[in-house]
Structures are given as C-alpha cells and as structure tokens.
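What follows is one structure encoded as structure tokens, with my remarks underneath.
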Ligand code: LLP
C-alpha cells in the first residue's frame, strides 16, 4: 500500500479523516488521477447504511426497496443488490439499468407517474410490478393488461420534506390517489379483473422528525384493511441524513423511528392475523453520505462586500444548492501543508453562466486559496443523477473507494466529443 499523504493536507476537516473516507488515497491524488470535478463514493459507508435499513424493525416481512433515483451508478446498484435490498424504478431507463445490475424482475417495483402506454408495456413485458398513480392510469393499465397484478399509490393527505418542491403527500402535489375515491378504485379493479398486489405511498423527501412518517404509515396500514387480498403495504422513503455535520447535527434516530414503526406494524398484525409484507423506499439515506463531490478552486475575487471562490463545481454537476437552497458541508484540502488560522465569509460558486450558480452562500470557512480542492459532503444522493450538460459542460467521472481502500473508476468522465452523440449523422443545414 503506497500512502503518499505527505503531499496533501486538510485545511478544513469535518468527518472524512476520522472515517478514512478516501481509503489508501487522498483527494489530491484522486483529482490528479481522474480529473476534476469528481464524484467519490465509499463502499464501506454504503454497505453500512444498507445494513442499518435492513434492521429498522425486527419484523420478518420488512423489505427495503432502494429508491434508485437517488443514484443509479451501475456499481452502486450492484453493491445495493449484493446487500440484499430490493429496488424501485421510476422509468423504463431505471428498470433497464437495474436489470443490468442483477436485480430480478420480481425484485423491482415500478412506481410510475403519468406514463405512456409504451412505458407501461415495457414493464409488463419485463414481468415487473407497476404501481399506478391515478385512477386514469389504473384504467390504462386495466386496458393494457386485463386480469393482471397491479399496485396503487395512495396520497395519505400528509406530507413532509426539506423543501416544498419535494413534498409529495397532501393537497399540493400531483401524486397519489385520493383515499376518498376508494369505491371508484374498487370498481376499476373489478371491471378489469385486476388483482391489487399492494398499496404504496411516499410523503416526501427528508424528514429528521418521524412524526409525519408514522402518521402516514398508520393511515396507510388502516386503509389497507379495505383490501384483504393485498400482499404488501409500501410506506415510502424520505429518511433524512445530517447535512449539517459541522454544526453537530445528529443522524436520523433510526432506533426511535424503528420502535414506533414496530408498534404500528404489530398492532396491524394483531388486528388482522397475518404478517403482511411491509416495504420502505429510502433513496437518500442509502447513498447520500457515501458520496463526496470533489472540485478545484480556480479563482478568488471580490465584488462589493462579497468574496467569491470560483470553482469547477457548477450546478450542472450538483444542482441541489441552486434548486432547493440545499446545504452541503464543505471540506478544504491543499497540496501543501497549510494550517487554517483564520475564518472568513465566502460565497462558493461554479463555472456556469448564471448568477444562481452557487454551491454555498456566505459560508464561514478557513481561508481558501487558488488550487485548493473542495470536498462537497453528502453528495451521493441526487448528485450525479441530476447532473446535466448545461453550458455544454461535461459530466464528471465517478470513483469508488472499495472496502479495502482501493480507488476504482466506476463511471468514465464524459469527453468533449460525447456532446455530438445525440445528433443525427446528417444535421440540418
Ligand atoms: N419513493 C418515491 C415514490 C419517491 O418519489 C422518492 C423520492 C423516494 C421514494 C425516495 O425518497 P428519499 O428516501 O430519497 O427521500 N432531488 C431531491 C429529492 C427528490 C426526491 C423525490 N422522491 C433532493 O435532492 O433533495
């Protein structure tokens, strides 16, 4: 093991040092080897999170469905599969890549939203269970697959989430079937002789206080009693992670959440005399903390009262801060030994031609210098999957730090010629 950590120093450290996030290498060497910006994932953390979820309740029929939308890197999916998790899909594309990662059709739940006939048929032909999101889509399903098995997404009337854009339960959202429409729901099921395999919900993304989740779970389980034939109740994802580690934010208290959930499940089992399958669908919790986005500082400048740190981490690479004002803690690494003597307020920006291209606004951090590398923590969920080619910028590479500390390339960096990939050979004019 060659450990050349002498070429690298932590100017600002939050947690990667203690947990040896970078294994046998370090951020500077990673950037030199794979280029910048760069997504780096840690296999040990990913496996640990999978393990914690599987133990959420001690109920034999708990199934953890990883919500793949958070991160669909093929190697990440393979690790999640190896950990024994099942998986959700949101599109034929996700189904395609999940099958490639080794998930069997019966391990995939397609949680569809406003899909076309062709998209439904894609899943039906692949033998994958579909959850439909409206009565009109249930009818569509009935027409396409009379006598088939289906799940229905219910809107429990409660929502939760870190931003209004990610709250998916309650009145202000397009999702789910209103439980008041139960008789219409039942008539469509019987008209098309459909078997209702399960009901599912998802109230929104990122809760640290489990009250709303428990309330919605209690509701959905009691609603399930209207359908004695169903095999599963899927309570959704939304499990939060501590994005404010630097301020001492604590992780989601899985023990308390699990204990409360266990009671709700036990009550149901006692009332109904059967051990129905209970699914949960965490995306963020599974992958957010195993990922860090590395980027380089290219510019330092002042404008008005603000000091700007200009980097190559544009919102084409990580859109969460620009889209949701989301906070990500930031570590600072340097090529030479440097102590951090003084803090100052800085605004860290990317290289995209928009004023909103901000990673961190008015952040109090140790002095950053040109050439430094920044580590944007907790970027494993909704990072790479939401990246784009805006401004004809290229999507970054992804690297895995394996459980023995080695770095392995798990997605190639886009090349400039890839920008031509989607154009037909013969272009207009
Ligand atoms: N199940 C369904 C049906 C969902 O729509 C979602 C996420 C999940 C599960 C997983 O939720 P999670 O456990 O990851 O919170 N891009 C946003 C998050 C949007 C999530 C939307 N639905 C962000 O970066 O915060």
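Numbering (my numbering), first residue to last: 12 to 440.
Backbone N, C-alpha and C define an ideal beta-carbon position, used for all residues, glycine too.
Since the structure is predicted, the reported quantities are computational estimates derived from the model, not experimental observations.
For a test of your reading of the model: does the CB of residue 217 fall under 7 Å from any non-hydrogen atom of the ligand LLP? Yes or no. yes
Tell me which same chain residues have a C-beta within less than 7 Å of the C-beta of residue 153, skipping the five on either side of it? 199, 202, 203, 205
Looking at residue 392 and the ligand LLP, is the gap between the Cβ and the nearest heavy atom below 7 Å? yes
When every heavy atom of the ligand LLP is checked, does at least one fall within less than 7 Å of the C-beta of residue 171? no
Classification of residue 64 by the beta-carbon crowding that lies within 10 angstroms, buried from 16 upward: buried
Could you tell me how far apart the beta carbons of residue 155 and residue 132 are, in whole angstroms, since I believe they sit closer than 8 Å? 6 Å
Distance, residue 336 Cα to residue 251 Cα: 16 Å
Identify, in the order they occur along the chain, each residue of the same chain with its Cβ nearer than 8 Å to the Cβ of residue 19, setting aside the five sequence neighbours on each side. 37, 38, 39, 40, 344, 345, 346
Assign residue 427 to one of two classes, buried (16 or more other C-beta atoms within 10 Å of its C-beta) or exposed (fewer than that). exposed
Unbroken stretches of the beta strand (DSSP E), 3 residues or longer, contained in the region 95-149: 97-100, 119-122, 140-143
At what residues does the alpha helix (DSSP H) containing residue 271 begin and finish? 265-283
Proximal residues to residue 255 (C-beta, below 8 Å), its chain only, five neighbours per side dropped: 338, 340
Under 8 Å, with one C-beta from each stretch per pair, do the region 47-54 and the region 289-305 reach the 3-pair mark? yes
Check residue 428 in the structure and name its three-state DSSP category. helix
Measure from the alpha carbon of residue 460 to the alpha carbon of each residue in 313, 177, 331, 188, then state which is nearest. For the chain, the structure presents residues 12 to 440; residue 460 sits outside this window and is missing.
Which residues bound the beta strand (DSSP E) around residue 50? 49-53
Per-residue burial, residue 408 [other beta carbons within 10 Å of its own, 16 or more giving buried]: buried
Selected residue, minimal CA-CA separation from residue 107, among 410, 79, 90: 79
Straight-line gap, residue 144 to residue 190 (C-alpha atoms, nearest Å): 12 Å
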